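>
Protein chains: 2
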Amino acid sequence: MNNRVTIIDVSNIAGVSTATVSRTLHNPNVVTAKTRKAVMNAVHQTGYTQNTAAQNLRQQRANAILVLVPDISNTFFSEILSGIEHVASQANLTTLIADTLNDAHRTENFTRYLFNGRADGALLLNGYLPDSIVETIRNSPQNHPAIVSVSEALDDQIVPHIGIDNIQATQMAVEHLLAKGHRFITHLSGPAGNILTSDRIKGYRNAMVASGLNDSDQHLIQGDFSIASGEAAANDIIAMERRPDAVFCSNDAMAIGLISALVNRGVAVPNDIAVMGFDDIEFARTCIPPLTTIHQPRRRIGEMAAKTLLAQLGIGDFEMPDTSSLQATLVERDSA
Amino acid sequence: MNNRVTIIDVSNIAGVSTATVSRTLHNPNVVTAKTRKAVMNAVHQTGYTQNTAAQNLRQQRANAILVLVPDISNTFFSEILSGIEHVASQANLTTLIADTLNDAHRTENFTRYLFNGRADGALLLNGYLPDSIVETIRNSPQNHPAIVSVSEALDDQIVPHIGIDNIQATQMAVEHLLAKGHRFITHLSGPAGNILTSDRIKGYRNAMVASGLNDSDQHLIQGDFSIASGEAAANDIIAMERRPDAVFCSNDAMAIGLISALVNRGVAVPNDIAVMGFDDIEFARTCIPPLTTIHQPRRRIGEMAAKTLLAQLGIGDFEMPDTSSLQATLVERDSA
DNA sequence: AGGGTTTCTGTAAAGGATTACACAGTGAAT
DNA sequence: ATTCACTGTGTAATCCTTTACAGAAACCCT
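Same order as they appear, the protein sequences are chains L and S. Sequential numbering of the first sequence, starting at 0, is according to numbering that gives the first Met the number 0. Sequential numbering of the second sequence, starting at 0, is according to numbering that gives the first Met the number 0.
1. Can you name, in chain order, every residue of its own chain whose Cβ lies under 7 angstroms from the Cβ of C248 (chain L), other than the five neighbours on each side?
2. Threshold first: 3 residues or longer. Then list the beta strand (DSSP E) segments lying entirely within the segment 6-77 of chain S, N to C.
3. Provide the residue span of the beta strand (DSSP E) that contains D399 (chain S), from first to last.
4. Which residues of chain L have a Cβ atom closer than 7 angstroms to the Cβ of I287 (chain S), listed in chain order?
5. Measuring CA to CA, which of S:D333, S:M319, S:N213 and S:I314 is closest to R60 (chain S)?
6. Buried or exposed: which applies to M355 (chain S), given that a residue is buried once 16 or more other Cβ atoms fall within 10 Å of its Cβ?
7. Going by CA-CA distance only, name the one from L:R117, L:I226, L:G116 and L:Q49 that's closest to G189 (chain L).
8. For a quick check, are the C-beta atoms of V147 (chain S) and T322 (chain S) less than 8 angstroms apart?
9. Starting from the Cα of S72 (chain L), find the closest Cα among S:I96, S:T135 and S:D198 and give me that residue.
10. Could you pull out every residue in the same chain whose Cβ sits closer than 6 angstroms to the Cβ of G82 (chain S), ignoring the five residues on either side in sequence?
11. Where are the alpha helix (DSSP H) runs, 4 residues long or more, that stay fully inside the segment 255-296 of chain S, in chain order?
12. If you check the beta carbons only, do N210 (chain L) and L177 (chain L) fall under 8 angstroms apart?
13. Is the closest heavy atom of the ligand ATP to the C-beta of D223 (chain L) under 7 angstroms?
14. List, in order along the chain, the chain S residues whose C-beta lies closer than 8 angstroms to that of E134 (chain L)?
15. How many whole angstroms separate the CB atoms of A245 (chain S) and I272 (chain S), which I take to be in contact at a CB cut-off of 8 angstroms?
16. Do you know whose CA, among L:A41, L:N28 and L:K33, lies nearest I7 (chain L)'s CA?
17. Go ahead and pull the three-state DSSP assignment for Q167 (chain L).
18. Along chain L, in chain order, which residues have C-beta atoms closer than 8 angstroms to that of G256 (chain S)?
19. What are the residues in the segment 263-283 of chain S lying within 7 angstroms of chain L by C-beta distance?
20. Going by DSSP in three states, G315 (chain S) sits in which element: helix, strand or coil?
21. With DSSP run on the structure shown, which of helix, strand or coil describes Q156 (chain L)?
22. Look at the alpha carbon of T99 (chain L) and the alpha carbon of R117 (chain S), and state the distance between them as a whole number of angstroms.
23. Tell me which residues share the same chain as T169 (chain S) and place their Cβ nearer than 6 angstroms to its Cβ, disregarding the 5 neighbours each side in the sequence.
24. Step through the CB atoms of chain L and report whether any lies within less than 8 angstroms of the CB of Q49 (chain S).
25. Along the segment 72-96 of chain S, what residues have a CB closer than 9 angstroms to any CB found in chain L?
26. Where DSSP assigns a beta bridge to S188 (chain L), which residues make up the other side?
27. Suppose you measure from the CA of L232 (chain L) to the CA of R57 (chain L); what does that come to, to the nearest Å?
28. What number of angstroms, rounded off, separates the C-alpha of F317 (chain L) from the C-alpha of T185 (chain S)?
29. Can you list, in chain order, the residues of the segment 299-331 of chain L whose Cβ is nearer than 7 angstroms to any Cβ on chain S?
30. I'd like to confirm the pairing. Which residues does DSSP put opposite S148 (chain L) in its beta bridges?
31. At a Cβ threshold of 8 angstroms, is A52 (chain L) touching chain S?
32. Tell me, to the nearest whole angstrom, how far the beta carbon of P288 (chain L) is from that of R242 (chain L); I am working on the premise that it is less than 8 angstroms.
33. Within the 8 angstroms Cβ cut-off, does R117 (chain S) reach chain L?
34. Run down chain L in chain order and give the residues with a C-beta less than 9 angstroms from the C-beta of D98 (chain S).
35. Quick check on I293 (chain S) - is its C-beta less than 8 angstroms from some C-beta in chain L?
36. Could you give the distance in angstroms between the alpha-carbon of S88 (chain S) and the alpha-carbon of F224 (chain S)?
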């Protein structure tokens with residue numbers, strides 16, 4: 000730790016200059032085979048590892064990307080993360096994962112990484128970008144930190160976005176319910192002020208209106224994407240004078256909470272009320288009844304997002320990927 | 000990005016030396032109020048942020064800790080992570096979360112962070128430490144990187160460990176099943192070579208033996224902590240000539256998978272077979288029937304672990320915390 | 001007023017790596 | 001034999017901060 004071995008030690012042992020050691024490590028083919036061998040020997044003998052701080056300082060980059068997640072415990076994000084990681088590690092980049100806990104202050108703190116040399120670019124899964132950064136981007140459209148929003152788009156399309164078309168996917172979901180003969184369909188939405196929430200509400204409304212149903216068949220309950228809010232919604236629904244035929248939930252966690260609470264209270268799913276989720280997390284499959292939901296190609300989304308960011312950074316030979324493959328699909332199981 | 004503002008710019012504008020700027024930022028009370036004001040003005044005016052790489056290089060530490068997680072998508076870990084993060088951020092440390100995917104090679108790669116200046120210490124949630132590091136620790140017991148193992152202890156008690164007593168907690172679980180009158184109890188274990196797996200098998204055996212049951216009432220199925228392995232176990236169980244009265248699963252994910260598959264095949268839980276899990280993840284509650292399980296104080300475990308690490312690092316005024324509060328508790332719901 | 005503290009600030013040396021530039025050596029071509 | 005091109009290596013500047021040390025200024029005390 001303290002008596003760390005530096006490049007100087009290696010160069011002394013190998014009998015070459017530090018420059019040569021550095022070159023051997025980064026560009027082995029520019030040095031003589033003999034030199035290379037001497038250096039590698041010295042490296043192994045000493046157990047030398049390059050000091051990242053010194054490297055970053057000199058190279059003026061962190062070789063790391065930042066990923067902001069609103070809630071790391073939400074299983075929805077983990078597969079996206081794994082896709083990101085996969086691509087990033089291929090490009091020799093470290094992935095810094097930060098849990099913003101949906102807290103603006105924390106988010107702002109982390110985005111500072113983009114300016115203090117901790118990260119070269121950021122992937123935003125949290126649908127929020129601090130004003131200060133938005134302004135920075137506005138002020139210097141040519142030369143601002145590389146940022147890509149993932150899954151949740153940002154309000155103003157100020158940075159590239161990778162994700163499915165939520166409005167369209169939701170329409171598909173609601174159309175499925177309509178096709179099953181349901182008419183009075185409640186939508187359990189996400190928290191206010193969230194893009195996913197509003198997109199999915201839009202999709203819901205579109206589908207309802209398109210099917211010629213009048214407004215009285217539309218009904219919204221606001222949740223917050225948590226299991227608990229799904230459970231809470233059950234109370235609201237049971238208390239309704241006219242109960243809905245079906246509930247379309249803005250994510251799976253709420254759907255699972257809802258089903259659990261409904262069944263506990265003696266309401267059968269799907270017979271009394273059909274329930275649909277969104278995301279297709281792993282526990283959707285093990286729900287009883289198994290959850291009908293919208294599947295997102297999460298791993299692929301993560302990979303695409305990372306590639307887009309790397310393309311922006313000019314790292315590796317990544318090009319802006321073709322995102323046309325990011326299609327959501329409906330997975331019909333038994334809950335609706 | 001390229002035209003970054005440095006401490007020199009700030010010092011020029013404020014009309015002081017860089018030393019004074021640095022002091023103002025780190026030790027505001029050693030400079031005059033007047034100077035402080037001038038510096039802070041310059042900082043705000045320029046939007047200066049300290050360069051982490053330069054800082055780390057100079058200070059010879061990363062101000063970051065590494066957390067190795069075997070599988071970030073496992074919800075069990077997320078609350079631990081949140082506890083860690085909570086403590087670390089109070090000490091102004093960045094938490095680097097790394098998903099090892101249970102891959103030794105990846106793990107080894109990440110542990111390198113301890114030597115290349117990216118991290119000052121590590122929290123291991125993966126129950127595995129590369130041989131190279133074990134050796135380093137053995138060779139210099141006084142002066143080795145700070146490491147704490149969390150949840151899963153390491154084979155040899157080479158580093159401090161924070162977590163519950165798995166053997167005892169498992170005994171408690173199995174005793175619960177026995178008290179309910181179950182005799183033939185199957186244990187769905189974790190993957191081989193994992194400490195959690197072996198500890199829980201031990202606890203299971205202890206309880207079975209202590210209750211005076213003979214060996215024929217013991218039965219093991221090996222899983223791997225995944226939902227899928229729980230589902231697979233259902234087949235094994237249904238195929239058994241003499242079906243168990245109860246199944247104790249080594250974690251909740253497997254229990255949920257098992258229940259789902261069992262119910263699908265017409266086996267009632269808990270009436271035909273009782274099922275218990277371990278961990279008390281959030282979805283345990285929404286399982287149908289709600290899952291009886293062992294609750295771990297995960298957030299507290301994370302906090303304790305972080306404090307222990309910080310104490311080792313001598314950061315902040317943390318002392319080795321008293322870990323006596325880390326008790327697992329049984330949560331009785333309906334599945335057993 | 002003079003000496004002794006104390007408080008504040010500046011100078012300059014690290015910290016460890018990368019890389020532009022220059023130089024030496026080799027071999028080929030004329 | 002001289003020039004040229006090329007290859008491989010070394011020198012030294014640079015990235016941005018922090019901090020030991022020293023010097024200056026202010027204050028207190030007798």
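For every residue, glycine included, the Cβ atom is placed at its ideal position computed from N, Cα and C. Predicted model only: the values in this text are computed from it and were never measured.
If we stick to the structure as given:
1. As a first step, residue 248 (chain L) is located in the first sequence; it is residue number 249 there, counting from the start. These residues qualify, in order along the chain: L187, G229, A254, L257, V274, M275, G276 and F277.
2. 63-68
3. There is no way to answer for residue 399 (chain S), as the model of chain S reaches only from 0 to 335.
4. Position 288 of the second sequence holds residue 287 (chain S). Neighbours of I287 (chain S) on chain L, chain order: S259, V262 and I287.
5. Taking the second sequence and counting its residues from 1, one reaches residue 60 (chain S) at position 61. Of the candidates S:D333, S:M319, S:N213 and S:I314, the residue whose Cα lies closest to the Cα of R60 (chain S) is S:I314.
6. Lying before the first or after the last residue shown, residue 355 (chain S) is absent from chain S, which here runs from 0 to 335.
7. Along the first sequence, read from residue 1 onward, the residue named residue 189 (chain L) stands at position 190. Residue L:I226 is the option with its Cα nearest to G189 (chain L).
8. For the purposes of this step, residue 147 (chain S) is taken as residue 148 along the second sequence, with counting starting at 1. For the purposes of this step, residue 322 (chain S) is taken as residue 323 along the second sequence, with counting starting at 1. Going by C-beta atoms, V147 (chain S) is not nearer than 8 angstroms to T322 (chain S).
9. Here residue 72 (chain L) corresponds to residue number 73 of the first sequence, with the count starting at 1. S72 (chain L) has its Cα closest to that of S:I96, out of S:I96, S:T135 and S:D198.
10. Taking the second sequence and counting its residues from 1, the one referred to as residue 82 (chain S) is at position 83. So the qualifying residues of the chain are R298, G301 and E302.
11. 281-285
12. Counting from 1 along the first sequence, the entry for residue 210 (chain L) is found at position 211. Counting from 1 along the first sequence, the entry for residue 177 (chain L) is found at position 178. It should be pointed out that residue 210 (chain L) corresponds to Ser in this sequence rather than to Asn. In this structure, L177 (chain L) lies closer than 8 angstroms to S210 (chain L) by Cβ.
13. Absence of the ligand ATP from the depicted structure is noted, as is the absence of any ligand whatsoever, leaving it without description.
14. What you label residue 134 (chain L) is simply residue 135 of the first sequence in a count that begins at 1. Going along chain S, no residue has its Cβ under 8 angstroms from E134 (chain L), so there is no contact; the nearest lies around 10 angstroms.
15. Counting from one through the second sequence, the residue named residue 245 (chain S) turns up at place 246. Counting from one through the second sequence, the residue named residue 272 (chain S) turns up at place 273. With a Cβ gap of about 6 angstroms, A245 (chain S) and I272 (chain S) count as contacting.
16. Position 8 of the first sequence, counted from the first residue, corresponds to residue 7 (chain L). Among L:A41, L:N28 and L:K33, the Cα nearest to that of I7 (chain L) belongs to L:A41.
17. As a position in the first sequence, residue 167 (chain L) is number 168, starting the count at 1. Helix at Q167 (chain L).
18. Position 257 of the second sequence, counted from the start, is the residue given in the question as residue 256 (chain S). Neighbours of G256 (chain S) on chain L, chain order: T285.
19. E281 and F282
20. Mapped onto the second sequence, residue 315 (chain S) falls at position 316. Residue state, collapsed to three classes: coil.
21. Numbered from 1 along the first sequence, position 157 holds the residue referred to as residue 156 (chain L). Coil.
22. If you number the first sequence from 1, residue 99 (chain L) lands on position 100. If you number the second sequence from 1, residue 117 (chain S) lands on position 118. Straight-line Cα distance between these residues: approximately 21 angstroms.
23. Residue mapping note: residue 169 (chain S) aligns to position 170 of the second sequence, counting from 1. These residues qualify, in order along the chain: R199, G202 and Y203.
24. On the second sequence, residue 49 (chain S) is found 50 positions in, with the first residue counted as 1. Cβ-Cβ to chain L under 8 angstroms: yes for Q49 (chain S).
25. Answer set for the segment 72-96 of chain S: S72, N73, T74, F76, S77, E78, L80, S81, E84, S88, T93, T94, L95 and I96.
26. The residue you call residue 188 (chain L) lines up with position 189 of the first sequence. DSSP, once it has assigned bridges, lists L:Q221 as partnering S188 (chain L).
27. If you number the first sequence from 1, residue 232 (chain L) lands on position 233. If you number the first sequence from 1, residue 57 (chain L) lands on position 58. Inspection of the sequence shows that residue 232 (chain L) is occupied by Ala rather than by Leu. CA-CA distance, A232 (chain L) to R57 (chain L), rounds to 55 angstroms.
28. To locate residue 317 (chain L), count along the first sequence from 1; it is residue 318. To locate residue 185 (chain S), count along the second sequence from 1; it is residue 186. Just so you know, the alpha carbons of F317 (chain L) and T185 (chain S) end up roughly 51 angstroms apart.
29. none
30. Mapped onto the first sequence, residue 148 (chain L) falls at position 149. Note: S148 (chain L) sits in a beta bridge opposite L:L123 and L:H160.
31. If you number the first sequence from 1, residue 52 (chain L) lands on position 53. Output row for A52 (chain L): interface = yes.
32. Start at 1 with the first residue of the first sequence, and residue 288 (chain L) comes out as number 289. Start at 1 with the first residue of the first sequence, and residue 242 (chain L) comes out as number 243. The Cβ separation is near 18 angstroms, so there is no contact.
33. On the second sequence, position 118 is the one that residue 117 (chain S) refers to. By this cut-off, R117 (chain S) is an interface position.
34. Residue numbering aside, residue 98 (chain S) sits at position 99 when the second sequence is read from its first letter. Those are S77, L80, S81, E84, T94 and I96, listed as they occur along chain L.
35. Working through the second sequence from its first residue, we reach residue 293 (chain S) at position 294. Answer no: the Cβ-Cβ gap between I293 (chain S) and chain L never drops below 8 angstroms.
36. What you label residue 88 (chain S) is simply residue 89 of the second sequence in a count that begins at 1. What you label residue 224 (chain S) is simply residue 225 of the second sequence in a count that begins at 1. For S88 (chain S) and F224 (chain S), the distance between alpha carbons rounds to 31 angstroms.
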